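Participant:
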Amino acid sequence: MGRDTLLTATIGDQGTLRKLLLVLGGSLFIAAAAKVTVPMWPVPVTLQTLAILLVGFSMGSRLGAATVIVYLAQGAMGLPVFTPTTLPGIAGLIGPTGGFLVGFVGLAWLAGFAAERGLAKGVVSTAAVALAASALLYIPGVLWPMALAGGMGLEAGWIGREASFYWSAFVAPFLLGDVLKAAIAALVVTGAWMALKKRA
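Quick note on numbering: the sequence shown equals residues 46 to 245 in my numbering.
(1) Do residue 231 and residue 171 have their beta-carbon atoms positioned less than 8 Å apart in this structure?
(2) Once the 5 residues before and after residue 228 are set aside, which same chain residues still bring their CB inside 6 Å of it?
(3) For residue 53, which three-state DSSP category applies?
(4) Kindly list the residues whose CB is nearer than 7 Å to the CB of residue 72, restricted to its own chain and excluding five residues on each side of it in sequence; keep chain order.
(5) For residue 126, does the three-state DSSP call read helix, strand or coil?
(6) Residues in the same chain with beta-carbon distance under 7 Å from residue 167, minus the five sequence neighbours each way, listed in chain order, please.
(7) Is DSSP giving residue 81 helix, strand or coil here?
(8) Can you look up residue 88 in the DSSP assignment and give me helix, strand or coil?
(9) Does the pairing of the stretch 183-191 with the stretch 205-216 give three or more beta-carbon distances under 8 Å?
(10) In its own chain, which residues sit with a C-beta less than 6 Å from the C-beta of residue 191, not counting the 5 before and 5 after it?
(11) Can you name, in chain order, every residue of its own chain whose Cβ lies under 6 Å from the Cβ of residue 221, other than the five neighbours on each side?
(12) Taking only the alpha-carbon atoms, compute the straight-line gap between residue 177 and residue 61 and give it to the nearest angstrom.
(13) Look up residue 67 in the DSSP assignment and say whether it is helix, strand or coil.
(14) On a Cα-Cα basis, can you pick out the residue from 54, 121, 74, 146 that is closest to residue 215?
(15) Sorted by chain position, which residues of the same chain lie with C-beta nearer than 6 Å to residue 68's C-beta, five sequence neighbours on each side aside?
(16) Residue 46: buried (16+ other C-beta within 10 angstroms of its C-beta) or exposed?
Structural data, given as C-alpha cells:
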C-alpha cells in the first residue's frame with residue numbers, strides 16, 4: 046500500500062467523473078456532519094471538523110481540499126450546509142467564524158498531505174497529525190476576527206477585540222472537542238487500514 050491514501054488503496058486511480066462524484070459526496074458528508082451536535086463540556090460541538098479530517102486522510106491533499114472548497118461554495122450559495130450556529134450564505138464566510146471556514150481547506154489539505162506521505166496509518170501518528178492540523182486551524186480562525194475583518198472595513202462586536210476575548214470565545218471552549226475528534230479520526234483511519242490489510 047506504500048503511500049497510498051485510503052481512497053487509492055480501495056478503488057485505485059479515479060477518472061475525472063469519479064473524482065467529481067467523490068468530491069460531491071465528500072462535501073455532502075461534511076454537510077451532514079455539520080448538523081450533528083454532540084453535548085459536551087464546556088460547549089456542544091459538531092462533527093464538522095471530524096468529517097473534514099476524515100475526508101483529508103481518506104482522499105488526499107488535492108481531492109480533500111477540493112471537497113472542502115465545494116462545501117464552502119455550497120454554503121456561500123445559501124444551501125443549508127453549515128453548522129446551526131454559523132450564519133447562512135456568504136455571511137458565514139465573512140462572519141465571526143469565517144476564518145475557520147476558510148481554514149477548513151488547509152485542514153483537509155494537511156491531513157491529506159500527511160496521508161500521502163504514509164504518516165496517517167498508525168493510531169498515534171494519525172492522532173498527532175490530526176491534533177497539529179486542528180491546532181493550526183486556530184490561526185486563520187482567530188486572525189480573521191482579530192485583525193483581518195476590521196482591516197476589510199467590517200464592523201461588529203467580535204472584531205478587533207483583545208486577545209483574551211478570542212481565547213475564551215474562539216479557542217478554549219473547543220480544545221477538548223478537538224482532542225476527542227483527533228482521537229476518533231485516528232481510530233477510524235487506522236481501523237480502515239487494518240481492514241484493508243486483512244482483505245489483501
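All C-beta atoms, glycine included, are put in the ideal place defined by N, C-alpha and C. Only a predicted model underlies this, so the values are computations on that prediction, with no experimental measurement involved.
Facilitator: By the coordinates alone:
(1) Result yes, Cβ atoms of residue 171 and residue 231 sit closer than 8 Å.
(2) Within the same chain, and ignoring the five residues on either side of residue 228 in sequence, the residues whose Cβ sits closer than 6 Å to its Cβ are 172.
(3) Looking at residue 53 - three-state DSSP - the assignment turns out to be helix.
(4) Hits under 7 Å: 112, 115, 116, 119.
(5) Of the three classes helix, strand and coil, the one that applies to residue 126 here is coil, per DSSP.
(6) Same-chain partners within the cutoff: 235.
(7) In this structure, residue 81 counts as coil in the three-state DSSP scheme.
(8) The answer is coil: DSSP assigns residue 88 none of H, G, I, E or B.
(9) The stretch 183-191, when compared against the stretch 205-216, does touch it at the 8 Å Cβ threshold.
(10) Taking residue 191 as the centre and dropping the five residues before and after it, the same chain places the C-beta of 211 closer than 6 Å to its C-beta, in chain order.
(11) Nothing listed; no residue qualifies.
(12) Their Cα atoms are separated by approximately 31 Å.
(13) Helix, per DSSP.
(14) Of the candidates 54, 121, 74, 146, the one whose C-alpha sits nearest the C-alpha of residue 215 is 146.
(15) 111, 112, 115.
(16) Note that residue 46 scores 42 on pLDDT, short of 50, meaning its location in the model is unreliable; the coordinates nonetheless yield the value given after this. Flag for residue 46 reads exposed.
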